[in-house]
Ligand SMILES: [Zn+2]
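Residue numbers (this note's numbering): 11 to 495.
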């Protein structure tokens, strides 16, 4: 049987984070009651005229720059004609021959190295509405809240060879768009939808096989599952001497298989032509230059900074940059700690550990993200300094952080109000240690007989008796001294 190589290209529709729609002033909030975000323009009423949203253009340019694309200073909108109930005008305004961005690239992790995925083009278009199919006799309804929402469609060359590469590309693309603040990256709400096209060819062959496109997949898991299913399906068809048809298939998450949706249309079926209602778009070099200068740090740069300047491990930095707000939070808290005179690397590691550990657990429990985190970076910084200086012990620190989270009070206030300051005073500690020794003669005898592991138990007894406030390092040291004297 022949061995096949999988060839995959991807189209991604990213919803741009503008306040208003692509060609009218209606809002873009997700989840509002049906048809409450509409006006004569996005409803496609005769006699209305579209006006281009400047923010959408700006976001497309910024995305294009981050994707190393050429920004076409002259580009224009075209009508893509087709009928569907959620498209009231009977055409979608998109870009055809002259897209805003072309010829870019994205670096992804592949195997032990990296791989370049070429971006063919990225163009602006408006989204369609949504058909809501109801069960029973109520039929289907159309919600046009989404109609006219700006999308950036990002198209790659067929450079990917496996589901893992597709997922790596998608994650990288999402990170780039989220860090640029041009898309919220929320796949469940459909802010990022992907359409892989996939074909097989005999290993070594130059010609591509017939490609099949899969529509609107909105999760990393589904895209991986759909691709793996499609590879198996096409392999089986080819091995049995069958033929692959150019078609569009839908991924059925319940059945775990793809099914034919329609035979694939060609570009000429849409009868694209320049939209006569919109003048060609001219973008000045000065504007592009200005946007280039304002580009924020991207996830890969932040990752590099966190490992090289902040001394975090690759793994910690990776976990942090997956959530831009968390990475920025740790950087801000570290800045505060450094200002208080502590070493940057120690401060950053502590900040990262508490942020990814206890703090993330508290946020998860409440079902909120880092942007709604009630502990401000300077508050975490002050808490870390207290911990670093030995004013609060490890176990107490957990309690203090939880209290800061639920009350919004500072570590200082909580420690003072509750008398939680760590006890390092030798006189006070010696008393507790003597009591612990007196209460546990058996363990003391074991330790003296050479069973050193028992020390941990005795330290634990002292910590418990102190209500967690004893300085564990000090207890360890004093206890050892006492037992060997
Ligand atoms: Zn509107």
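Glycine residues also receive a C-beta, built at the ideal position from the N, C-alpha and C atoms.
Nearest-angstrom beta carbon gap, residue j and residue i [assumed within contact, 8 Å]
i           : j           : result
residue 221 : residue 208 : 6 Å
residue 134 : residue 70  : 5 Å
residue 411 : residue 373 : Contact doesn't hold; Cβ gap of about 12 Å is too wide.
residue 443 : residue 489 : 6 Å
residue 84  : residue 280 : 22 Å between Cβ atoms; not a contact.
residue 157 : residue 94  : At roughly 11 Å, the Cβ-Cβ gap does not stay under 8 Å, so residue 157 and residue 94 are not in contact.
residue 464 : residue 456 : 5 Å
residue 204 : residue 26  : About 16 Å separates the two Cβ atoms, so there is no contact after all.
residue 330 : residue 371 : Not a contact, Cβ separation roughly 15 Å.
residue 132 : residue 77  : 7 Å
residue 398 : residue 360 : 7 Å
residue 166 : residue 128 : 6 Å
residue 393 : residue 414 : 7 Å
residue 219 : residue 254 : 6 Å
residue 301 : residue 68  : 7 Å
residue 284 : residue 86  : 6 Å
residue 52  : residue 154 : 7 Å
N-terminal and C-terminal residue of the beta strand (DSSP E) that residue i is part of
i           : result
residue 150 : 150 to 153
residue 103 : 101 to 104
residue 463 : Taken as a continuous stretch (DSSP letters only), residue 463 belongs to no beta strand (DSSP E), as it is neither H nor E.
residue 304 : Residue 304 -> no beta strand (DSSP E), and no H or E assigned at all.
residue 42  : No beta strand (DSSP E) contains residue 42, which DSSP labels as neither H nor E.
residue 207 : 202 to 212
residue 198 : Here residue 198 belongs to no beta strand (DSSP E), and DSSP marks it neither H nor E.
Residue interval of the alpha helix (DSSP H) (run including residue i)
i           : result
residue 19  : Counting along the chain, residue 19 falls outside any alpha helix (DSSP H), though it belongs to the beta strand (DSSP E) covering 14 to 25.
residue 245 : 230 to 249
residue 439 : 436 to 449
residue 324 : 324 to 331
residue 184 : 173 to 190
residue 428 : 421 to 428
Reduced DSSP secondary structure (H/G/I, E/B, other) of residue i
i           : result
residue 291 : strand
residue 310 : helix
residue 165 : strand
residue 270 : strand
residue 265 : coil
residue 415 : helix
residue 474 : helix
residue 481 : coil
residue 486 : helix
residue 316 : helix
residue 159 : coil
residue 140 : strand
residue 5   : Since the displayed the chain opens at 11 and closes at 495, residue 5 lies outside it and no answer follows.
residue 220 : coil
residue 35  : coil
residue 227 : strand
residue 431 : coil
residue 28  : coil
residue 258 : strand
Original post:
Around ligand 1, which residues pass a check of Cβ closer than 6 Å to any of its heavy atoms?
Top reply: Going by the Cβ distance cut-off, the answer is 31, 34, 36, 48, 49, 51, 52 and 158.
Original post:
In the stretch 334 to 404, which residue ranges form an unbroken alpha helix (DSSP H) of at least 4 residues, counting only runs that do not cross its ends?
Top reply: Along the stretch 334 to 404, the alpha helix (DSSP H) occurs as fully enclosed runs of 4 or more residues at 334 to 349, 354 to 364, 370 to 376 and 387 to 398, listed in sequence order.
Original post:
Mind pulling the beta strand (DSSP E) runs of 3 or more residues that sit fully within the stretch 54 to 135?
Top reply: 88 to 91, 101 to 104 and 111 to 120
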